[in-house]
Every structure is written in C-alpha cells, then in structure tokens.
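Report on the structure given below.
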Amino acid sequence: MDFKVGGTAKGVTAIQMDIKIKGLPDSVFKEALERSKTGRAFILQTMLAAIAEPRKELSPYAPRIETIQVNPEDIRLVIGKGGETIQKITKELGVEIDIEDSGLVFVTSVNGEAMQKAKEWILGIVAKPVVGTIYDCTIVRIIAGVGAIAEFLRGKDGMIHISELQWKRTDQVEDVLKVGQQVKAKCIEYDAIEGKTRLSLKQMTDRPADMPADFGGDRPRGPRPGGFGGAPRGGGFRR
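Residues 3 to 241 (my numbering) make up the sequence shown, in order.
The structure is reproduced here in structure tokens:
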C-alpha cells in the first residue's frame with residue numbers, strides 16, 4: 003500500500019493512495035490519518051523554525067523570470083541591428099532574453115541586480131522622450147558652431163543647440179562641452195514623427211534676473227544638421 007497525506011496546520015489538503023487489495027478496514031485508514039497528522043505537525047514545526055513566514059523578496063541569487071510588455075513596433079529597437087543590442091544586454095549582464103511577436107519580453111536571470119539592470123535597460127530603449135523631463139546624457143559629438151549631439155535613454159540622440167548651452171552668448175561649443183562628458187539636460191522639444199529631440203542645458207536654470215527680456219543669448223538658429231527646421235531625413239541625428 004502506498005498512502006500519502008498532505009496538508010497544513012488547519013487540516014488535510016490532499017490524499018493519494020495506491021493499493022493492491024479491494025479496500026481497507028476503517029481502523030487502518032483512521033490510524034494512517036492520525037499518524038500523518040502527527041508527522042505533518044512535526045514537519046511544519048521544523049519548517050517554521052527555519053523560516054516563519056515567506057520572504058518579502060527573493061534572494062538576489064534565486065533564479066527568476068520577469069516579463070516586460072513593449073509596443074510590438076519597438077521590438078526592433080530592443081533587438082538592434084543584426085541583434086547587436088540584445089546581444090550586448092545578455093553579454094554584459096549575463097541574462098537571457100526572449101521576445102514574442104506580441105511585444106512580451108521575457109528576462110531570465112539568477113542575479114536580482116542583473117535582472118533589474120536588464121529591465122531598466124530595455125525600458126530605457128523603448129521609452130519616448132517627454133518634454134520638460136531632465137535626462138542624464140553623454141555627449142557623443144560636437145558640431146562646431148552648431149551644438150552637440152547627446153545620447154540619453156539608452157541609445158536615443160538629442161540635439162543641444164549652441165543657443166541652449168548657457169544664458170550668455172557662447173561662441174565655441176567646445177568651451178562648454180567635450181565628447182564623453184556626462185551632463186543633465188532638459189527635453190524642450192520632441193518630434194514623435196521624425197524621432198528628433200531638442201535638449202537644453204541653460205533651461206535647467208532660471209533666466210538671470212538682470213538679463214534683458216529680449217536677449218536670446220544666442221545667434222539666429224536656422225536650419226542645422228539633423229535638427230528641427232532642417233531637411234527631413236527619417237528621424238534621429240547623425241553622430
């Protein structure tokens with residue numbers, strides 16, 4: 003006979019029995035249940051001594067899988083050209099990533115910190131710039147006399163025009179910014195159709211009180227490479 007009883011401190015929740023005979027006397031069945039109750043109570047007490055309640059968070063090293071829903075149109079951004087982006091994430095963080103056509107992204111990792119970084123990375127890739135929001139940026143290109151291209155939100159480019167560097171007139175972009183420099187910049191314009199973003203350093207602060215109201219602190223802007231007002235070319239900026 004194979005007889006198993008499972009349950010909690012409140013009672014039985016499952017029974018399994020395999021026998022070769024037609025049945026069991028009530029006394030045998032009753033005794034088996036009584037013994038299972040005693041054994042179950044002992045096991046539960048031992049378990050409670052080790053951990054009295056579920057942990058609020060998984061161990062940082064416990065295997066886990068989490069999902070992120072992205073717009074199906076943004077799947078290509080997560081994958082990258084030739085799989086470059088997704089391969090970079092998995093290689094740097096040691097996670098596994100699977101993406102369904104519906105835009106459901108599965109991230110698997112045995113490290114909680116790596117899991118969180120992977121999620122933030124993916125969410126940054128698919129995030130859309132929001133006007134008025136301040137972003138951490140990296141200067142990736144200086145355009146002499148025009149401005150600088152800054153990378154933010156994991157791979158997005160934004161133009162910081164020379165007129166948006168500081169409230170006073172700026173003659174040389176290089177006097178304020180260098181390639182590789184880390185800065186905070188405010189999004190002041192976003193063209194969702196072409197995917198172009200304008201950023202500003204000076205609008206992180208208030209206009210100086212002694213500055214004339216009609217002082218723009220810049221030269222006339224006009225069309226510029228990859229910026230607003232230039233010839234349309236499918237979004238983004240050339241680095």
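All C-beta atoms in this analysis are idealised placements derived from N, C-alpha and C, irrespective of residue type, glycine included.
C-beta atoms of residue i and residue j nearer than 7 angstroms
| i | j | result |
| --- | --- | --- |
| residue 71 | residue 125 | no |
| residue 91 | residue 129 | no |
| residue 46 | residue 16 | no |
| residue 98 | residue 110 | yes |
| residue 131 | residue 63 | no |
| residue 149 | residue 164 | yes |
Cβ neighbour criterion (16 or more within 10 Å) applied to residue i
| i | result |
| --- | --- |
| residue 154 | buried |
| residue 206 | exposed |
| residue 95 | buried |
| residue 210 | exposed |
| residue 225 | Any reading at residue 225 needs caution, since the residue's pLDDT is 47, under 50, leaving its predicted position unreliable; the model's value is listed next. With fewer than 16 Cβ atoms within 10 Å of its Cβ, residue 225 is classed as exposed. |
| residue 14 | exposed |
| residue 18 | exposed |
| residue 144 | buried |
| residue 228 | Any answer about residue 228 is weak, because its pLDDT of 48 lies below 50 and its placement is not dependable; what the coordinates show is given next. Flag for residue 228 reads buried. |
| residue 200 | buried |
| residue 141 | buried |
Nearest-angstrom Cβ-Cβ length linking residue i and residue j, presumed shorter than 8 angstroms
| i | j | result |
| --- | --- | --- |
| residue 79 | residue 151 | At roughly 18 angstroms, the Cβ-Cβ gap does not stay under 8 angstroms, so residue 79 and residue 151 are not in contact. |
| residue 133 | residue 190 | 7 angstroms |
Option in the options with minimal Cα separation from residue i
| i | options | result |
| --- | --- | --- |
| residue 198 | 116, 158 and 14 | 158 |
| residue 69 | 89, 118 and 26 | 118 |
| residue 169 | 75, 182 and 208 | 208 |
| residue 5 | 35, 195, 75 and 201 | 35 |
| residue 104 | 74, 174 and 175 | 74 |
For residue j and residue i, the rounded distance between their alpha carbons
| i | j | result |
| --- | --- | --- |
| residue 136 | residue 42 | 58 angstroms |
| residue 188 | residue 203 | 7 angstroms |
| residue 66 | residue 32 | 42 angstroms |
| residue 20 | residue 3 | 6 angstroms |
| residue 54 | residue 40 | 20 angstroms |
| residue 138 | residue 44 | 56 angstroms |
| residue 8 | residue 156 | 50 angstroms |
| residue 196 | residue 212 | 38 angstroms |
| residue 161 | residue 167 | 11 angstroms |
| residue 58 | residue 113 | 16 angstroms |
| residue 172 | residue 194 | 29 angstroms |
| residue 179 | residue 147 | 12 angstroms |
| residue 84 | residue 93 | 15 angstroms |
| residue 123 | residue 76 | 14 angstroms |
| residue 88 | residue 175 | 34 angstroms |
| residue 29 | residue 48 | 29 angstroms |
| residue 22 | residue 38 | 21 angstroms |
| residue 24 | residue 108 | 50 angstroms |
| residue 186 | residue 115 | 25 angstroms |
| residue 177 | residue 184 | 15 angstroms |
| residue 86 | residue 100 | 14 angstroms |
| residue 56 | residue 50 | 10 angstroms |
| residue 61 | residue 26 | 46 angstroms |
Check: residue i C-beta below 6 angstroms from any heavy atom of the ligand SAM
| i | result |
| --- | --- |
| residue 77 | As for the ligand SAM, it is missing from this structure, which has no ligand bound. |
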